[in-house]
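Visitor:
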Amino acid sequence: MSGTRPLVYHWIAYYNDGTKLDQFNKDLSENGFSKIDNNKLNKIGLYPFSKKLAEGITRSNSSTVALSLGFLPVYELEIKDGERPIYYRDCFISQEQFHVCNSCKKEFNYDGYNNHIIKYKDDQLGIKYNEVVPICPNCGAHDYFTCKSCGKEFQSFNEALHGMCPDCGRSKGYLGQHNITSKQYSRERRWNYYYFGKQNTIKGTNIKFLMKISESGDCVVT
Amino acid sequence: MVAVVQVEEISNGTGIGDAYFTVKDASGSPSRYYTADNSSSSLTTNPIPIPTEDAGYSGSYWKTHCINATSPATEYIKDIRWYITIASSNVGDQWLLGTSGDLVIGISNNTIAEAKASTQGFPSSAYEPSDGVEGTFGYFITDDSNGHSYYNDASTLSGGATSTCDFTSLADAYYVQAGNLQGVSGGRSYCIATQVIVGSGATQGVKPDITATFVYSEV
Numbered sequence: 008m009s010g011t012r013p014l015v016y017h018w019i020a021y022y023n024d025g026t027k028l029d030q031f032n033k034d035l036s037e038n039g040f041s042k043i044d045n046n047k048l049n050k051i052g053l054y055p056f057s058k059k060l061a062e063g064i065t066r067s068n069s070s071t072v073a074l075s076l077g078f079l080p081v082y083e084l085e086i087k088d089g090e091r092p093i094y095y096r097d098c099f100i101s102q103e104q105f106h107v108c109n110s111c112k113k114e115f116n117y118d119g120y121n122n123h124i125i126k127y128k129d130d131q132l133g134i135k136y137n138e139v140v141p142i143c144p145n146c147g148a149h150d151y152f153t154c155k156s157c158g159k160e161f162q163s164f165n166e167a168l169h170g171m172c173p174d175c176g177r178s179k180g181y182l183g184q185h186n187i188t189s190k191q192y193s194r195e196r197r198w199n200y201y202y203f204g205k206q207n208t209i210k211g212t213n214i215k216f217l218m219k220i221s222e223s224g225d226c227v228v229t
Numbered sequence: 002m003v004a005v006v007q008v009e010e011i012s013n014g015t016g017i018g019d020a021y022f023t024v025k026d027a028s029g030s031p032s033r034y035y036t037a038d039n040s041s042s043s044l045t046t047n048p049i050p051i052p053t054e055d056a057g058y059s060g061s062y063w064k065t066h067c068i069n070a071t072s073p074a075t076e077y078i079k080d081i082r083w084y085i086t087i088a089s090s091n092v093g094d095q096w097l098l099g100t101s102g103d104l105v106i107g108i109s110n111n112t113i114a115e116a117k118a119s120t121q122g123f124p125s126s127a128y129e130p131s132d133g134v135e136g137t138f139g140y141f142i143t144d145d146s147n148g149h150s151y152y153n154d155a156s157t158l159s160g161g162a163t164s165t166c167d168f169t170s171l172a173d174a175y176y177v178q179a180g181n182l183q184g185v186s187g188g189r190s191y192c193i194a195t196q197v198i199v200g201s202g203a204t205q206g207v208k209p210d211i212t213a214t215f216v217y218s219e220v
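Residue numbers (my numbering), protein chains in the order written: chain V, 8 to 229; chain B, 2 to 220.
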């Protein structure tokens, strides 16, 4: 569904009486994290979705979409007396620009700054120029111009004096542009980080253990 | 259930009641700054004129953005933050905006540290359309008379505007709204106001996009 990012993990809380609370019930309804009874909690885990559960959730009428990614690692935490579990997702939404190189067909980001400078010299004026253009970081290609009369190649429109081929003159030295990298596209990108851990208050100080888990299962302990 | 959230640009109107809401969605619809109150992504009319050396600097019309949860989360959405991703040290350098040129954002506190720790945005109910002289300049966010009233009254809010280069990663993000999103059924978050400043010596032309990111915590 547009406007959401698919879930790749769900939590299960295990109690010391042998029962458990799953984020998703068998009827695919969802339990809030605050519904977990901390008084009898002894283990909590983050688990990738099975294919059946992911498809069931996605087909249900809620806004939740789930993906089954079998390669994801499982994260489990033992919860001792006084400890409280932590779980939330940081959800990112960005608008970003990208270009597609018509030479090597790979996409790249263009920031209008570093690594996108072409250099050329105006032979008639003897002046060196730097110009910022989208340059493909994979193959080095960028837009270029050729004289429609003699075919001489120019890196930039401005490399030819007044935008005309100096060899063919103003009457017939018009330049043609070859669009290699200049066309830009914009898109929305969404991604999530799962924060999973536990905390305990000891002598008035809150001690927290927190894992930051990416959608590909990589984990950083914070 | 997972919240359905979209980024919106708010424009025109006299207040939130008659404003336009433009969704910045997966189809690719970036915001472009003009000397006009326009949410279009691709116009070349009403650019920001480059001031002469004596004229100091001039501004675009400011833009207002927020996130809108059109369907609520299971429990809550909270701690809404915003940052940009740039290759240079600031947007002014990256876009060649000339002396004092930059992309600035309204802040409600005096220090950058505070802007990363407590709410800096304003409620959507306090939305104010941008204004200026179309095709010539937009009023500065901090203008005493015509600026954004949430950020131009230092006597009550200690507010102002600062460079967006202070907010370039999640760890250094601008705090749009600390705490829960208003309303149990979702709704609009607090908003941000941003504006392009162009100084003398700027290079003309359509500038390449920079990436801006909203972040929120959800359970």
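The C-beta atom is built at its ideal place from N, Cα and C for all residues, glycine as well.
1) Within the same chain, show all residues whose beta-carbon is closer than 7 angstroms to that of Ser150 of chain B, passing over the 5 residues directly before and after it, in chain order.
2) Here's the rule: buried if 16 or more other CB atoms are within 10 angstroms of the residue's CB, otherwise exposed. What is Gln95 of chain B?
3) Give, in chain order, every residue of the stretch 145 to 170 of chain V whose Cβ lies closer than 8 angstroms to some Cβ of chain B.
4) Mind checking Gly180 of chain V: buried by the 16 CB within 10 Å criterion, or exposed?
5) Would you call Thr53 of chain B buried or exposed, if buried means 16 or more other Cβ atoms sit within 10 Å of its Cβ?
6) Which class does Lys59 of chain V belong to by DSSP, given the choice of helix, strand or coil?
7) List the residues of chain V that Phe215 of chain B touches, going by C-beta distances under 9 angstroms, in chain order.
8) List the endpoints of the continuous alpha helix (DSSP H) containing Arg197 of chain V.
9) Short of 6 angstroms in beta carbon distance, which residues of its chain neighbour Thr204 of chain B, apart from the five on each side in sequence? Order them along the chain.
10) Relative to the C-alpha of Cys175 of chain V, which residue among V:Ser189, V:His185, V:Glu160 is closest?
11) Against chain V, which members of the stretch 95 to 106 of chain B pass a CB distance test of less than 9 angstroms?
12) Which value, in whole angstroms, describes the spacing of the CA atoms of Cys172 of chain V and Cys143 of chain V?
13) What separation, rounded to the nearest whole angstrom, lies between the Cα atoms of Val207 of chain B and Asn69 of chain B?
14) Just to confirm, is the Cβ distance from Leu171 of chain B to Val220 of chain B under 8 angstroms?
15) Asp225 of chain V versus chain B: which residues are under 8 angstroms apart at the beta carbon?
16) Along the alpha helix (DSSP H) that carries Thr115 of chain B, what are the first and last residues, could you check?
17) What's the C-alpha gap between Leu35 of chain V and Asn68 of chain V?
18) Starting from the Cα of Asp173 of chain B, find the closest Cα among B:Ser164, B:Asn181, B:Val3 and give me that residue.
19) With burial defined as no fewer than 16 other Cβ atoms inside 10 Å of the residue's Cβ, what is the status of Ser32 of chain B: buried or exposed?
20) Chain V partners of Pro50 of chain B, CB-CB under 8 angstroms?
21) Expressed to the nearest angstrom, what Euclidean distance is found between the alpha-carbon atoms of Asp26 of chain B and Gly10 of chain V?
22) Anything in chain V within Cβ reach of Gly29 of chain B, meaning under 8 angstroms, just list it in chain order.
23) With a threshold of 7 angstroms on Cβ separation, who are the neighbours of Val177 of chain B within its own chain once the five nearest residues in sequence on each side are excluded?
24) When the Cα atoms are used, what is the spatial distance from Glu37 of chain V to Lys190 of chain V?
25) Pull out every residue of the stretch 65 to 79 of chain V whose Cβ sits closer than 8 angstroms to any Cβ of chain B, in chain order.
26) What three-state label does DSSP hand Thr65 of chain V in the structure shown?
27) Please identify, using Cβ separations under 8 angstroms, the residues of the stretch 43 to 75 of chain B that lie next to chain V, in order along the chain.
28) Using beta carbons (cut-off 8 angstroms, strictly below), is Gly39 of chain V in contact with chain B?
29) What are the residues of the stretch 82 to 93 of chain B that lie near chain V, defined by any Cβ-Cβ distance shorter than 8 angstroms?
30) Using a C-beta cutoff of 8 angstroms, does Val199 of chain B count as contacting chain V?
31) According to the neighbour-count rule (16 or more other Cβ atoms, all chains shown, within 10 Å of its Cβ), is Phe78 of chain V buried or exposed?
32) Would DSSP call Met8 of chain V helix, strand or coil?
33) Which residue comes first and which comes last in the beta strand (DSSP E) that contains Gln184 of chain V?
34) Which residues does DSSP pair with Phe229 of chain B in a beta bridge?
35) Which residues of chain V have a Cβ atom closer than 7 angstroms to the Cβ of Glu219 of chain B, listed in chain order?
Guide: To lay it out plainly:
1) Closer than 7 angstroms at the Cβ level, and outside the excluded window around Ser150 of chain B, lie Glu129.
2) Burial of Gln95 of chain B is indicated by the presence of at least 16 other C-beta atoms within 10 angstroms of its C-beta.
3) none
4) buried
5) Its Cβ having fewer than 16 others within 10 Å, Thr53 of chain B is exposed.
6) helix
7) Cys98, Phe99, Ile100, Ser101
8) From DSSP, Arg197 of chain V is part of no alpha helix (DSSP H) but of the beta strand (DSSP E) over 191 to 209.
9) Closer than 6 angstroms at Cβ, skipping near neighbours: Leu97.
10) Among V:Ser189, V:His185, V:Glu160, the Cα nearest to that of Cys175 of chain V is on V:Glu160.
11) Gln95, Trp96, Leu97
12) 26 angstroms
13) Spanning the two alpha carbons is a distance of roughly 29 angstroms.
14) no
15) Result: empty, since nearest Cβ-Cβ is about 16 angstroms, beyond 8 angstroms.
16) In the sequence under discussion, the amino acid at residue 115 of chain B is Glu, which differs from the Thr named in the question. Counting along the chain, the unbroken alpha helix (DSSP H) around Glu115 of chain B starts and ends at 113 to 116.
17) 10 angstroms
18) B:Ser164
19) buried
20) The CB of Pro50 of chain B never comes closer than 8 angstroms to any CB in chain V; the least such distance is about 20 angstroms.
21) 8 angstroms
22) Gln102, Tyr192, Ser193, Arg194, Glu195
23) Ile81, Arg82, Trp83, Gln121, Gly122, Ser190, Tyr191, Ile193
24) Rounded to the nearest angstrom, the two C-alpha atoms are 45 angstroms apart.
25) Ser69, Ser70, Thr71, Val72
26) helix
27) Within the stretch 43 to 75 of chain B, the qualifying residues are Ile68, Thr71, Ser72, Thr75.
28) yes
29) Thr86, Ile87, Ala88, Ser89
30) So no, Val199 of chain B is outside the interface.
31) Exposed, because fewer than 16 other Cβ atoms sit within 10 Å of the Cβ of Phe78 of chain V.
32) Note that Met8 of chain V scores a pLDDT of 48, beneath 50, so its modelled location is shaky and nothing firm can be said.
33) 182 to 185
34) Because chain B spans 2 through 220 in this model, residue 229 of chain B falls outside it and cannot be assessed.
35) Correct list: Tyr95, Arg96, Cys98.
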